[in-house]
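Trainee: Residue numbers (the numbering used here): 2 to 182. Idealized CB from N, CA, C, for every residue including glycine. Pasting in a structure now, in structure tokens, and then I'll have a few things to ask.
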């Protein structure tokens, strides 16, 4: 049955299948790659001594109510993600030295907004068309201020010398031409 189907129909069917898989799971793949990049950037910023680090003084209740994404490594507090550098505990307070990870916070917010737009919980809202979903994806996941352009190292220049035959560049009159009729 499939062997009798023309190649262009199979190609269109495969393309549509890949588009549907990307539509339902592709945003997760993009999110994972961008989050991994944001985590490596945050790690480099924590190691940098000139980076501004924040000191948070939290009560036991506030510390317990913080949303931990990674235990004793990263948490969310007041809508901001923090990467922990050091935690000091006193009798009734926690002093946390942390890096405010604004890039990752922005990505998490963008993903949550995108998922809410893509899969609305309230079905009474007017459905959005595909173009508005694509525009939202481009605006949220491809911010222009995060584009990095890598410039290759051009310290070594190689010249290839080639012997050119001067006669081959000139047009000869002795070249055979077909007879004119």
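In the DSSP output, what is residue 83 paired with across the bridge?
Mentor: In the chain shown, residue 83 corresponds to position 82, counting from 1. DSSP output for residue 83 lists 76 and 101 as bridge partner(s).
Trainee: Rounded C-beta distance between residue 65 and residue 78? I'm assuming under 8 Å.
Mentor: Numbered from its first residue, the chain shown carries residue 65 at position 64. Numbered from its first residue, the chain shown carries residue 78 at position 77. Actually they are not in contact, since the Cβ atoms of residue 65 and residue 78 sit about 12 Å apart, beyond 8 Å.
Trainee: Residue 105: buried (16+ other C-beta within 10 angstroms of its C-beta) or exposed?
Mentor: By 1-based counting over the chain shown, the position of residue 105 is 104. Flag for residue 105 reads buried.
Trainee: Using 10 angstroms around the beta-carbon of residue 75, count the other beta-carbons present and answer buried if the total reaches 16, otherwise exposed.
Mentor: For the purposes of this step, residue 75 is taken as the residue at position 74 of the chain shown. With 16 or more other Cβ atoms within 10 Å, it is buried.
Trainee: From what residue to what residue does the beta strand (DSSP E) around residue 69 run?
Mentor: Within the chain shown, residue 69 is the residue found at index 68, counting from 1. 68 to 71 is the extent of the beta strand (DSSP E) around residue 69.
Trainee: Going by CA-CA distance only, name the one from 19, 22 and 108 that's closest to residue 34.
Mentor: Along the chain shown, one-based indexing puts residue 34 at 33. Residue 108 holds the alpha-carbon nearest to the alpha-carbon of residue 34 among 19, 22 and 108.
Trainee: Within 8 Å of any Cβ in chain B, is that where the Cβ of residue 41 sits?
Mentor: In the structure shown, chain B cannot be found, because there is only a single protein chain.
Trainee: Kindly list the residues whose CB is nearer than 7 Å to the CB of residue 10, restricted to its own chain and excluding five residues on each side of it in sequence; keep chain order.
Mentor: On the chain shown, position 9 is the one that residue 10 refers to. Around residue 10: no qualifying Cβ.
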